[in-house]
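Here is the structure we will look at.
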Amino acid sequence: MKISHINRQAVSIKMFILIIFLWLALIASSLAIVVVTYEARADFNNLEALRREQNKLQVVLGQYLLEESTWASFNRIEKIASESLQMQVPKAEHIIMITSKVKPNEG
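For the sequence shown, counting from 1, position 45 maps to 911 in my numbering; every step adds exactly one.
This is the structure in structure tokens:
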């Protein structure tokens with residue numbers, strides 16, 4: 867009888883330890899889920915913020931490209947050349963054509 871009682875007590879202690887271990891594992895996995903969910907949401911918020919910033923930068927790039935094309939337009943350059951630098955378009959008699967003696971297919 868004593869051996870049977872001791873075996874039951876040993877089994878019940880093992881079961882108690884197993885139950886405690888399983889509860890601790892359950893709590894640890896629950897906390898891990900909370901942490902991972904929090905980090906995933908934070909990362910998603912950062913991603914969305916970066917996408918918004920990318921969209922704003924795309925708009926700014928478009929504005930800069932438009933401004934660059936405005937500054938580099940031929941009309942503007944011609945106006946600056948004629949007004950600021952007193953440059954003029956040469957007359958036909960002042961233009962000299964230089965031709966190459968090498969034929970195009972010999973080059």
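Each residue gets a CB set at the ideal place from its N, CA and C atoms; glycine is no exception. Computed from a prediction, not measured in an experiment: that's the story for all the values here.
Have a look at Q875 and S896 and give me their C-alpha separation to the nearest angstrom. Cα to Cα, Q875 sits roughly 31 angstroms from S896.
Return the CA-CA distance between S935 and P956, expressed in angstroms with no decimal places. In a straight line, the C-alpha of S935 is about 26 angstroms away from that of P956.
Would S966 count as contacting chain D if we go by Cβ distances under 9 angstroms? Chain labels in this structure do not include chain D; a single protein chain is all it has.
Taking the continuous alpha helix (DSSP H) assigned at E959, which residues delimit it? That residue, E959, is in no alpha helix (DSSP H); it is neither H nor E in DSSP.
Would you tell me roughly how many angstroms separate the C-alpha atoms of L951 and K922, rounded to the nearest one? If you take the alpha carbons of L951 and K922, they lie about 39 angstroms apart.
Would the beta-carbon of T903 be found less than 8 angstroms away from any heavy atom of the ligand HEM? No copy of the ligand HEM occurs in the structure displayed, which carries no ligand at all.
Can you tell me whether DSSP reads A876 as helix, strand or coil? In the structure shown, A876 sits in a helix (DSSP, three-state: H, G or I).
Inter-residue Cα distance where the pair is N912 and R918: As the crow flies, the alpha-carbon of N912 is around 10 angstroms from that of R918.
Terminal residues of the continuous alpha helix (DSSP H) containing A938? Per DSSP, A938 belongs to no alpha helix (DSSP H) and is neither H nor E.
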